[in-house]
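Student:
Numbering (our numbering), first residue to last: 41 to 464.
Next comes the structure, spelled out in structure tokens:
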């Protein structure tokens, strides 16, 4: 895991010392060159697989592997596939198609017979089947693969038809496992005085959120009663771990794991908004809007939050273990996505402004007063550990999560203008 987050005043001098990238039309914000540096094609049999190196270390930014894990993983390849698919939707540039093909081939290659996905590949091109974060089980990488393949199938391109057909088969192979997930586990389990649905003591609400995004896309491609039922089941589980309100902490936030909230990967609000829009299911939309409307402004007022837990005491929820660091790109992207989805659903520009404020973290509005994303290099630093501690490595997670955030912002003139106002 790496680090990243939000602040403002001290950055003005930094920005005035060099031209603002936002105001230079010839120097667009979105720069995928570092992602391309991390990208490598490997040949397995007769197939070229697109991979993304996990780690990249300062000061020379050479890619490095990990002896226990490997050099690439489904988690990051799936992130990259989402990025290139969404970029193709925005500009239709043929250049993205080859990466879309190769990244998809890697994900398909990593699928196990049980429908789940292995995560890591070793430098000798062997699949790492033994690392605990690489097994073909119900976990992050399997859900992220499902989401990425669903994004592929939203594209309109004759050149991708055969690949889309194969990827749909891969999604369908996982679907029986998805249908069984959390069935009969709606009863609650008490954790430190907080009632949590039994299933969410095993599979986190954060993971359920990722799965719901893929399911919503799958439903758009191939509507079915089974997919709808799964989305409704998972969404209702998420509603059960939303706490607080407009004037009560945690202001409508969805817990991530049992009674804990952490910023990284906390996509529940976006998942509910997205699924709610696809299903036209107002309870999901209202719940997602609640977090964006009340919790995100609170986070911004606190220069962002990294995590906390809630503890029940009678009818009161107490907050414990609140912390501000580490701050990483993966903390910001879920909030940017949810804010932009809220704007798309409601048309309320306040949500786009929230997204722009959140994205200003990448340009120096953070406790370290550090520009975390380099427009010229495309690098995103791996995180902020304190106001005086910045991790200047630039691995796949940080790089792609930043690109996904900035991609979402630059696709909206309102959000982009809000970002400009924050950093001009």
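Backbone N, C-alpha and C fix where the C-beta goes; we use that ideal spot for every residue, glycine too. This one's a predicted model, so the numbers in the text were calculated from it and none came from an experiment.
In three-state DSSP terms, what is residue 430?
Tutor: In the chain shown, counting from the first residue as 1, residue 430 sits at position 390. It is a strand residue.
Student: If you pair each beta-carbon of the stretch 317 to 324 with each one of the stretch 202 to 220, do three or more pairs fall below 8 Å?
Tutor: No contact exists between the stretch 317 to 324 and the stretch 202 to 220.
Student: Determine the direct distance from the alpha carbon of residue 423 to that of residue 483, and round the result to whole angstroms.
Tutor: Here the chain has residues from 41 to 464 only, and residue 483 is not among them.
Student: Please list the terminal residues of the continuous beta strand (DSSP E) segment that includes residue 360.
Tutor: The residue labelled residue 360 in the question sits at position 320 within the chain shown. Counting along the chain, the beta strand (DSSP E) containing residue 360 begins and ends at 356 to 363.
Student: Tell me whether the beta-carbon of residue 182 lies closer than 9 Å to the beta-carbon of residue 156.
Tutor: Translated into positions along the chain shown, residue 182 becomes position 142. Translated into positions along the chain shown, residue 156 becomes position 116. Result yes, Cβ atoms of residue 182 and residue 156 sit closer than 9 Å.
Student: Taking DSSP's pairing of strands, which residues face residue 103 in a bridge?
Tutor: As a first step, residue 103 is located in the chain shown; it is residue number 63 there, counting from the start. In DSSP, residue 103 forms a bridge with 96.
Student: Opposite residue 229 in the DSSP bridges: which residues?
Tutor: In the chain shown, the residue the question calls residue 229 occupies position 189. Beta-bridge pairing links residue 229 to 236.
Student: Spatial neighbours of residue 426 within its chain, please: CB distance less than 8 Å, with the 5 preceding and 5 following residues excluded, ordered by chain position.
Tutor: Counted from its first residue, the chain shown places residue 426 at position 386. Result list for residue 426: 365, 407, 408, in chain order.
Student: Run through DSSP, which three-state label would residue 254 get?
Tutor: Taking the first residue of the chain shown as position 1, residue 254 is located at position 214. Residue state, collapsed to three classes: helix.
Student: Residues in the same chain with beta-carbon distance under 8 Å from residue 285, minus the five sequence neighbours each way, listed in chain order, please.
Tutor: Within the chain shown, the letter at position 245 stands for residue 285. The answer, listed in chain order, is 291, 292, 330, 334.
Student: Give the secondary structure of residue 450 by DSSP, where H, G and I count as helix, E and B as strand, and everything else as coil.
Tutor: Locating residue 450 in the chain shown gives position 410, where the first residue counts as 1. Helix.
Student: What separation, rounded to the nearest whole angstrom, lies between the Cα atoms of residue 89 and residue 110?
Tutor: As a first step, residue 89 is located in the chain shown; it is residue number 49 there, counting from the start. As a first step, residue 110 is located in the chain shown; it is residue number 70 there, counting from the start. Cα-Cα distance, rounded: 15 Å.
Student: What would DSSP say about residue 328, mapped onto helix, strand or coil?
Tutor: Position 288 of the chain shown, counted from the start, is the residue given in the question as residue 328. If DSSP states are grouped into helix, strand and coil, residue 328 belongs with the helices.
Student: Can you find a heavy atom of the ligand NAD that lies under 8 Å from the Cβ of residue 290?
Tutor: Absent from the structure shown: the ligand NAD. Ligands present: none.
Student: Less than 9 Å between the C-beta atoms of residue 336 and residue 377, yes or no?
Tutor: For the purposes of this step, residue 336 is identified with residue 296 of the chain shown, where counting begins at 1. For the purposes of this step, residue 377 is identified with residue 337 of the chain shown, where counting begins at 1. Cβ atoms of residue 336 and residue 377: not closer than 9 Å.
Student: Alpha carbon to alpha carbon, how far is residue 143 from residue 152?
Tutor: Along the chain shown, one-based indexing puts residue 143 at 103. Along the chain shown, one-based indexing puts residue 152 at 112. Distance between the alpha carbons of residue 143 and residue 152 is about 17 Å.
Student: I need the DSSP call for residue 335, collapsed to helix, strand or coil.
Tutor: Along the chain shown, one-based indexing puts residue 335 at 295. In this structure, residue 335 counts as helix in the three-state DSSP scheme.
Student: I need the DSSP call for residue 113, collapsed to helix, strand or coil.
Tutor: On the chain shown, residue 113 is found 73 positions in, with the first residue counted as 1. DSSP places residue 113 in strand when its eight states are reduced to three.
Student: For residue 123 and residue 312, I'd like the C-alpha separation in whole angstroms.
Tutor: Here residue 123 refers to the residue found at position 83 when the chain shown is read from its first residue. Here residue 312 refers to the residue found at position 272 when the chain shown is read from its first residue. Going by the C-alpha atoms only, they are around 21 Å apart.
Student: Quick one: which unbroken beta strand (DSSP E) runs of 3-plus residues sit fully inside the stretch 389 to 429? Chain order, please.
Tutor: 423 to 426, all fully within the stretch 389 to 429.
Student: Counting only the same chain and skipping the five closest in sequence on each side, list residues whose C-beta sits under 6 Å from that of residue 119.
Tutor: Along the chain shown, one-based indexing puts residue 119 at 79. Taken in chain order, the residues that qualify are 440.
Student: Could you pull the start and end residues of the beta strand (DSSP E) that residue 286 belongs to?
Tutor: The count along the chain shown starts at 1 and reaches residue 286 at position 246. Segment: none, residue 286 is in no beta strand (DSSP E) and carries neither H nor E.
Student: Restricting to Cα atoms, I'd like to know which of 375, 327, 316 is closest to residue 338.
Tutor: The count along the chain shown starts at 1 and reaches residue 338 at position 298. Taking only the C-alpha atoms, the option nearest residue 338 is 375.
Student: Can you list, in chain order, the residues of its chain with a C-beta nearer than 6 Å to that of residue 455? Leave out the 5 residues immediately preceding and following it.
Tutor: Counting from one through the chain shown, the residue named residue 455 turns up at place 415. Cβ within range, chain order: 392, 395, 396, 449.
Student: Give the C-beta separation of residue 306 and residue 361 to the nearest angstrom, bearing in mind that I take them to be a contact with Cβ-Cβ under 8 Å.
Tutor: The residue labelled residue 306 in the question sits at position 266 within the chain shown. The residue labelled residue 361 in the question sits at position 321 within the chain shown. With a Cβ gap of about 16 Å, residue 306 and residue 361 do not count as contacting.
Student: Would you mind sorting residue 130 into buried or exposed? The rule is 16 or more other CB atoms within 10 Å of its CB.
Tutor: In the chain shown, counting from the first residue as 1, residue 130 sits at position 90. The residue in question, residue 130, is exposed, as its Cβ has fewer than 16 Cβ neighbours within 10 Å.
Student: Our contact map puts residue 433 next to residue 97 with C-beta atoms below 8 Å; I'd like the distance itself, whole angstroms only.
Tutor: Position 393 of the chain shown holds residue 433. Position 57 of the chain shown holds residue 97. Contact holds; Cβ gap of about 5 Å.
Student: Kindly indicate which residue of 238, 158, 178, 164 has the alpha-carbon position closest to the one of residue 171.
Tutor: In the chain shown, counting from the first residue as 1, residue 171 sits at position 131. Of the candidates 238, 158, 178, 164, the one whose C-alpha sits nearest the C-alpha of residue 171 is 158.
Student: For the stretch 205 to 220 and the stretch 266 to 274, state whether three or more C-beta atom pairs, one from each stretch, are separated by less than 8 Å.
Tutor: Yes, they touch.
Student: What first and last residue would you give for the alpha helix (DSSP H) that runs through residue 201?
Tutor: One-based indexing of the chain shown puts residue 201 at position 161. That run of the alpha helix (DSSP H) goes 201 to 220.
Student: Does the distance from the C-beta atom of residue 346 to that of residue 371 stay below 9 Å?
Tutor: Locating residue 346 in the chain shown gives position 306, where the first residue counts as 1. Locating residue 371 in the chain shown gives position 331, where the first residue counts as 1. Result yes, Cβ atoms of residue 346 and residue 371 sit closer than 9 Å.
Student: Name the DSSP bridge partner or partners of residue 89?
Tutor: Here residue 89 refers to the residue found at position 49 of the chain shown. Residue 89 pairs with 82.
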